[in-house]
Amino acid sequence: MDIEHDAPPTPPLPRAGAVGSRTQTTDSTIPPSPPVTNHMGETMNWTRPVGLAAAGLALCGCAHTANGSGSTQNPRASTHSTHQTANKPAGNRASAPTRTPFTTVLELTGNLDARPGQLVGIRLDFLTRAQGRDAVTAHSPAFGEPVPLRWQDDDSYSATHPLAMTDKPGWYPLNVSVAGHTVARDRIHVLPSQRPSFTVTFASEVARPGELLWLNFDDLYPGERGTDFTVRSTALHQPVRLVHDERYDLSNPRTFSASTELAPGLADGTYTFTLYGPHGHRITQKPVTIRASRPGDADYLGKAHGPDLYDPTIGYADAPHGHDFTVGPAGRVAVMWHDAVPDPGEETRLTATSPAFTQVLHLHRDDSKSADGDDPRYLNTATIRTGLKPGRYPVTIAAHHHRVIKVGYVTVRPTPCCGAAATPCACPTGNPPFVPGMDAAGVIDQLDPGPTPASPWANRWSPWCCSPARTAEP
């Protein structure tokens, strides 16, 4: 494999840390010029002296354009365009199309500080499909073989190709050609191969119980194979399988990763994370220290306040909110919780409980625009149970491994079932719900003393249900 050591001068390289490079090249050699003809359409076989004389006229500025206007030939026009226009019959010169040079833009990704086996993206813009057809190819000794570029839906030619695993450190030239004519050039910088590495990463300085962490295995190295990798540890709920995700691992085809959470109730100590390969083969292991926050730590108990209860139809910003909220049976109440330093993992396990709720309410992180500038906050909307007795019910949130417990209250009012209300009411035993003013036969009548087979009080006047003091049938 040849490495470029004494390359000709090239454009300045992109700044350090850039992921690719972009170059422009002007080319006018496509397609080749037709032979020069005279006014009769016959091919003119000029002798060398005649050709040199014609070139001298063009250089001294003595040659004029075909329309005789006296302006000189455009110095940016290609010689092939000049031949195609100047040698047309006089009657067709004005309408003859003139080809102008086109500028292609070559963009590479993953070509700087690359490792053997890494993927390099190649994209060529401002070349039409009619110009390139299926003859656009990238060449570089870093690839070991020509790389055809294919036409894409975004009107470009592109390809992604891995560097050869046998590449040595250094700079390698790359050029893109169309039908054998080079239209763009750039370079690829290759670093030495790196041994496989296994990393365990978390957000805080010390891993906390319940915290989210990232597992990553990079084995882009000659001879490495297989795709079945698993991490096991007593600090995890279950074994975690590492996978390659092309959405994020754009350049490295041998990166395998996963995110997971530490178990929330872990005791302080050092836990071993072991990486297993195909067929259960143990590859490596890494120790991780896990410790719950203590008094004096910035995240100890956080800075929590709430729960704030409010009307979900209005919204937190506009609705009155506090630790008390009044609602009717089957109504809805929104719950908001703030914590300046939330416990690791609370995004997935923070809940609000109440005997008035239909179920345990899981709070979710508020990532909306309205949360910008506020402490991290969590919210959700609960539904009040039907058939609930009027009264005051607690709403409890336990955070930081139950070291922070705060309580709010919802007051459930009795359901109105008279006047303008048009929904069934919850009446005492023996007096089933009914629509106010409507008897069993569907006749509108505010007072219908007639008994029914179901209950002698089924059609009593609705104000009887409106009185919370009545606990027995009259």
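Heads up: the sequence shown at position 380 corresponds to 380 in the working numbering, and the numbers run straight through without jumps. Cβ atoms here follow ideal geometry from the backbone N, Cα and C, with glycine treated the same way.
Can you check the stretch 319–402 for any alpha helix (DSSP H) of at least 4 residues that lies completely inside it and give the ranges in chain order?
-> 346–349
With burial defined as no fewer than 16 other Cβ atoms inside 10 Å of the residue's Cβ, what is the status of Q118: buried or exposed?
-> buried
Compute the beta-carbon to beta-carbon distance between V240 and V231, rounded to the nearest angstrom, for a pair I have assumed lies under 8 Å.
-> 5 Å
In the DSSP assignment, what residue or residues form a beta bridge with N111?
-> Paired residues: none, contrary to the question.
Quick one: which unbroken beta strand (DSSP E) runs of 3-plus residues sit fully inside the stretch 114–200? Chain order, please.
-> 119–125, 136–139, 157–162, 170–178 and 181–190
Same chain only: Cβ atoms within 7 Å of D218, ignoring 5 sequence neighbours per side = P196, S197, N252, R254 and T255
Which first and last residues belong to the beta strand (DSSP E) in which V240 is found?
-> V240 to L242
Could you say which of L212, A114 and R123 lies nearest to G170 if we only look at CA atoms?
-> A114
Distance between V360 and T199 (C-alpha atoms, nearest Å) | 37 Å
From A184, V190 and L363, pick the residue whose C-alpha is nearest to that of P307; which is it?
-> L363
Is there a Cβ from chain D that is less than 7 Å from the Cβ of G387?
-> Checking the listed chains, one finds no chain D in this structure; it contains a single protein chain.
Report yes or no: do the stretch 379–386 and the stretch 279–289 share at least 3 C-beta pairs separated by less than 8 Å?
-> no
A304 vs A399 beta-carbon contact at 7 Å | yes
Rounded to a whole number of angstroms, what is the C-alpha to C-alpha distance between Q152 and G226?
-> 31 Å
Using the C-alpha atoms, what's the distance from A298 back to H237?
-> 27 Å
Among P162, H189 and T166, which has the Cα closest to the Cα of P173?
-> H189
Cα-Cα separation, L108 to Q131 | 21 Å
Since D308 sits in a beta bridge, which residues does DSSP pair it with?
-> M336
Count the other CB atoms within 10 Å of the CB of S370; is the residue buried (16 or more) or exposed (fewer)?
-> exposed
CB-CB length for A235 against D268, believed under 8 Å = Not a contact, Cβ separation roughly 12 Å.
Would you grab the beta carbon distance between T383 and R332 for me? Rounded to a whole angstrom, and I think it's under 8 Å.
-> 6 Å
Considering only residues of the same chain and omitting the five flanking positions on each side of R208, which have a CB-CB separation below 6 Å?
-> P344
Got a sec? Which residues, its chain only, sit under 6 Å from H139 by beta carbon, not counting five neighbours each side?
-> P146 and N175
Buried versus exposed, by CB contacts within 10 Å (16 or more), P116 | buried
Whole-angstrom C-beta distance between V120 and L163, which should lie under 8 Å | 6 Å
Is T85 helix, strand or coil by DSSP?
-> Legend: pLDDT at T85 = 32, less than 50; position of this residue unreliable, no value from coordinates given.
Return helix, strand or coil for G280, following the three-state DSSP convention.
-> helix
Short check: CB of Y393 to CB of S368, under 7 Å?
-> no
Please classify S257: does DSSP put it in a helix, a strand, or coil?
-> strand
Identified DSSP bridge partners for I314 | Answer is none; I314 lacks a bridge partner.
Could you check which residue in V407, P141, V136 and G144 has the C-alpha nearest to that of S158?
-> V136
Bridge partner(s) assigned by DSSP for D218 = S197 and T255
Would you list the one or two residues that DSSP bridges to L301?
-> Paired residues: none, contrary to the question.
Provide the residue(s) that pair with R294 in DSSP beta bridges, ordered along the chain.
-> Beta-bridge pairing links R294 to no other residue.
Please report how far the alpha carbon of S177 lies from the alpha carbon of V183, in whole angstroms.
-> 5 Å
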